[in-house]
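Asker:
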Amino acid sequence: MTATVTSIAAAPVAVGTISTQAGATVYVYTDPDGTLSSDCTGCGEYAWTLAADHGFAQQHATACFRRPRPLRLAA
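Residues in the sequence shown are numbered from 0 upward in steps of one, following numbering that gives the first Met the number 0.
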(Lines of atoms letter the chains of each structure in order from A and count residues from 1; the text may use other names and numbers.)
(Lines give C-alpha, C1' and ligand atoms only; values in the text may rest on other atoms or scores of the structure.)
Protein backbone atom coordinates (compact mmCIF):
# COMPACT_ATOMS: atom_id res chain seq x y z
CA MET A 1 0.00 0.00 0.00
CA THR A 2 1.32 3.44 -0.93
CA ALA A 3 0.46 6.60 0.96
CA THR A 4 0.44 10.09 -0.49
CA VAL A 5 1.38 12.94 1.81
CA THR A 6 0.32 16.47 0.98
CA SER A 7 1.99 19.33 2.80
CA ILE A 8 -0.42 21.56 4.68
CA ALA A 9 1.98 24.46 4.10
CA ALA A 10 1.14 24.33 0.37
CA ALA A 11 -2.45 25.45 0.95
CA PRO A 12 -3.55 29.09 1.20
CA VAL A 13 -4.14 30.30 4.77
CA ALA A 14 -7.26 32.36 5.56
CA VAL A 15 -6.24 35.67 7.12
CA GLY A 16 -9.49 37.61 7.14
CA THR A 17 -13.03 38.17 5.98
CA ILE A 18 -14.78 41.34 4.89
CA SER A 19 -18.57 41.68 4.53
CA THR A 20 -20.05 43.37 1.46
CA GLN A 21 -23.01 45.74 1.59
CA ALA A 22 -25.23 43.02 0.09
CA GLY A 23 -24.32 40.47 2.74
CA ALA A 24 -21.73 38.47 0.81
CA THR A 25 -18.26 37.76 2.19
CA VAL A 26 -14.82 38.44 0.72
CA TYR A 27 -12.36 35.87 2.08
CA VAL A 28 -8.70 36.94 2.16
CA TYR A 29 -5.90 34.36 1.99
CA THR A 30 -2.11 34.36 2.21
CA ASP A 31 -0.86 32.05 -0.53
CA PRO A 32 2.18 29.76 -0.16
CA ASP A 33 4.35 32.22 -2.12
CA GLY A 34 3.51 35.05 0.30
CA THR A 35 1.07 36.90 -1.95
CA LEU A 36 -2.54 37.64 -1.04
CA SER A 37 -5.66 36.46 -2.83
CA SER A 38 -9.37 36.84 -2.20
CA ASP A 39 -12.62 35.16 -3.16
CA CYS A 40 -16.07 36.81 -3.09
CA THR A 41 -19.15 34.75 -2.25
CA GLY A 42 -21.36 37.34 -3.98
CA CYS A 43 -20.06 37.80 -7.51
CA GLY A 44 -17.54 34.96 -7.42
CA GLU A 45 -14.61 37.21 -8.26
CA TYR A 46 -11.19 35.79 -7.46
CA ALA A 47 -8.44 38.39 -7.04
CA TRP A 48 -4.70 38.09 -6.56
CA THR A 49 -2.15 40.76 -5.69
CA LEU A 50 1.52 41.22 -4.89
CA ALA A 51 0.56 43.99 -2.44
CA ALA A 52 0.89 42.84 1.15
CA ASP A 53 -2.24 44.55 2.46
CA HIS A 54 -5.99 44.00 2.55
CA GLY A 55 -6.87 47.18 0.64
CA PHE A 56 -7.68 45.36 -2.58
CA ALA A 57 -10.20 43.12 -0.81
CA GLN A 58 -11.72 46.07 1.05
CA GLN A 59 -12.21 47.94 -2.25
CA HIS A 60 -13.98 44.95 -3.76
CA ALA A 61 -16.19 44.49 -0.68
CA THR A 62 -17.22 48.15 -0.92
CA ALA A 63 -18.04 47.91 -4.63
CA CYS A 64 -19.77 44.49 -4.75
CA PHE A 65 -23.56 44.65 -4.47
CA ARG A 66 -24.34 41.03 -5.31
CA ARG A 67 -26.05 38.91 -2.70
CA PRO A 68 -24.34 35.71 -1.57
CA ARG A 69 -24.62 32.91 -4.10
CA PRO A 70 -26.44 29.78 -2.89
CA LEU A 71 -24.23 26.83 -2.04
CA ARG A 72 -24.34 24.00 -4.54
CA LEU A 73 -24.22 20.60 -2.97
CA ALA A 74 -22.66 17.72 -4.86
CA ALA A 75 -25.12 15.10 -6.02
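The beta carbon of each residue, even a glycine, is placed where N, CA and C say it ideally should be. What you are looking at is a predicted structure, and each value in this text was computed from that prediction instead of being measured.
Measure the Cβ-Cβ separation of H53 and G15 and say whether it is below 8 Å.
Answerer: yes
Asker: Across which residues does DSSP place L35 in a beta bridge pair?
Answerer: T29 and T48
Asker: For S18, count neighbouring C-beta atoms within 10 Å of its own C-beta (all shown protein chains included) and say buried if the count is 16 or more, exposed if not.
Answerer: exposed
Asker: Applying the 10 Å Cβ sphere with the 16-neighbour rule, what's the burial state of G41?
Answerer: buried
Asker: Roughly how many whole angstroms lie between the Cα atoms of A21 and W47?
Answerer: 22 Å
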